[in-house]
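Student:
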Amino acid sequence: TPRPALTGIEMFKLLATGMIVPPEEFNTLLHEVKKEVETRSGTDSSLPRILFWGCVIDDAKLYELIESSGADIVTDDTCIGTRSYLRTVDTSGGIMEGLARSYFEEFKCPRTDLGPGLGRYDYVLDLIEEYGVDGVICYALSFCDPHKMDYPDLRDYLQEKEVPSLLIDDDYSLSNMESVRSRVEAFIEILAQ
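Heads up: the sequence shown runs through residues 5 to 197, numbered per my numbering.
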């Protein structure tokens with residue numbers, strides 16, 4: 005399986021930068037990164053492929069821990085990742101109308117009521133299939149009630165689809181990194197078998 009052109013850490017840092025710099029600067033940066041990535045030679049990898057699911061995270065430590073434990077983060081479903089960027093905004097009714105509908109009705113965040121049933125996670129399965137994901141690492145902040153309440157349904161959905169998952173519960177300090185490392189390493193070892 006080909007390794008992603010950008011590591012999960014690189015993508016995370018790029019997306020986090022996009023949240024704090026003006027759009028014009030970010031677009032310039034994206035073009036520069038794209039040019040640089042196109043010069044990279046692809047390598048094959050037998051490392052487990054991870055989808056990282058969760059709420060707001062602005063520290064690369066967890067991404068670094070996962071990838072240094074022997075996995076490739078190949079896609080995500082986070083507040084600053086695919087949830088923000090992998091959708092098309094319909095502007096046929098006007099830009100503001102399209103943006104409002106996109107953020108308040110189509111945004112795949114647990115804070116938005118997407119209706120009952122586990123079918124609301126079909127888009128996660130689409131990401132899993134598109135990126136050849138072997139397992140999902142979920143991240144929930146102690147105070148993010150929407151994600152904490154959504155996780156059991158996501159876990160059940162993933163179990164039903166036979167996709168292994170691991171939950172990392174954190175208080176935003178990432179102070180328990182050594183215990184998290186043990187759990188992540190064990191999860192990745194299971195995926196590698």
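We put the CB at the ideal spot given by N, CA and C, even for glycine.
Here the structure is a predicted model, which means the values were calculated and not measured.
What does the alpha-carbon distance come out to for the pair Ser96 and Gly102?
Tutor: Your numbering for residue 96 matches position 92 in the sequence shown. Your numbering for residue 102 matches position 98 in the sequence shown. Looking at the two C-alpha atoms, the distance is approximately 7 Å.
Student: Taking only runs that begin and end inside the stretch 10-83, name each unbroken beta strand (DSSP E) of 3 or more residues, in chain order.
Tutor: You should have 53-58, 76-81.
Student: Just confirm the distance between the C-beta atoms of Cys142 and Ile172, as a whole number of angstroms; I'd bet it's less than 8 Å.
Tutor: For the purposes of this step, residue 142 is identified with residue 138 of the sequence shown, where counting begins at 1. For the purposes of this step, residue 172 is identified with residue 168 of the sequence shown, where counting begins at 1. That pair is a contact at about 7 Å.
Student: Report the residue from Gly58, Gly74, Pro6 whose alpha carbon sits nearest the alpha carbon of Phe191.
Tutor: Residue 191 sits at position 187 when you count from the first residue of the sequence shown. Here the closest residue by C-alpha is Gly74.
Student: Tyr176 to Glu68, Cα distance in whole Å?
Tutor: Position 172 of the sequence shown, counted from the start, is the residue given in the question as residue 176. Position 64 of the sequence shown, counted from the start, is the residue given in the question as residue 68. Rounded to whole angstroms, Tyr176 to Glu68 spans 16 Å at the Cα level.
Student: Taking the alpha helix (DSSP H) that Gly102 belongs to, which residues open and close that run?
Tutor: Taking the first residue of the sequence shown as 1, we reach residue 102 at position 98. Run containing Gly102: 99-105, per the alpha helix (DSSP H) assignment.
Student: State the beta-bridge partners of Ser169 as determined by DSSP.
Tutor: Here residue 169 corresponds to residue number 165 of the sequence shown, with the count starting at 1. Val140, per the DSSP bridge assignment.
Student: Mapping the DSSP letters down to three states, classify Leu90 as helix, strand or coil.
Tutor: Counted from its first residue, the sequence shown places residue 90 at position 86. Of the three classes helix, strand and coil, the one that applies to Leu90 here is coil, per DSSP.
Student: Whole angstroms are fine: how far does the CA of Asp94 sit from the CA of Ser106?
Tutor: As a working mapping, residue 106 is identified with position 102 in the sequence shown. As a working mapping, residue 94 is identified with position 90 in the sequence shown. The alpha-carbon atoms of Ser106 and Asp94 are separated by roughly 8 Å.
Student: Could you tell me the alpha carbon to alpha carbon distance between Ser45 and Glu71, rounded to whole angstroms?
Tutor: The count along the sequence shown starts at 1 and reaches residue 45 at position 41. The count along the sequence shown starts at 1 and reaches residue 71 at position 67. The straight-line gap from Cα to Cα measures roughly 19 Å.
Student: Taking only three categories from DSSP, how would you classify Asp175?
Tutor: Counting from 1 along the sequence shown, the entry for residue 175 is found at position 171. Of the three classes helix, strand and coil, the one that applies to Asp175 here is coil, per DSSP.
Student: Contact check, Ile77 vs Ile54 under 8 Å by CB: the rounded distance?
Tutor: By one-based count along the sequence shown, residue 77 stands at place 73. By one-based count along the sequence shown, residue 54 stands at place 50. Right, the Cβ-Cβ distance comes to about 5 Å (below 8 Å), so this counts as a contact.
Student: I'd like to confirm the pairing. Which residues does DSSP put opposite Leu145 in its beta bridges?
Tutor: Position 141 of the sequence shown, counted from the start, is the residue given in the question as residue 145. Partner(s): Asp174.
Student: Helix, strand or coil for Pro156, going by three-state DSSP, please let me know.
Tutor: Here residue 156 is taken as the residue at index 152 of the sequence shown, counted from 1. Of the three classes helix, strand and coil, the one that applies to Pro156 here is helix, per DSSP.
Student: Kindly identify the DSSP beta-bridge partner or partners of Ser6.
Tutor: For this step, residue 6 is matched to residue 2 along the sequence shown. Looking at the sequence itself, residue 6 is Pro, so the reference to Ser does not match. Pro6 is bridged to Asp48.
Student: Check each candidate in Asp62, Arg124, Leu34 and name the one with the smallest Cα separation from Phe16.
Tutor: Taking the sequence shown and counting its residues from 1, the one referred to as residue 16 is at position 12. The residue with the shortest Cα to Cα distance from Phe16 is Asp62.
Student: Report yes if the C-beta distance between Ala64 and Ile13 is below 7 Å; otherwise report no.
Tutor: Here residue 64 refers to the residue found at position 60 when the sequence shown is read from its first residue. Here residue 13 refers to the residue found at position 9 when the sequence shown is read from its first residue. Yes, Cβ-Cβ distance for Ala64 and Ile13 is below 7 Å.
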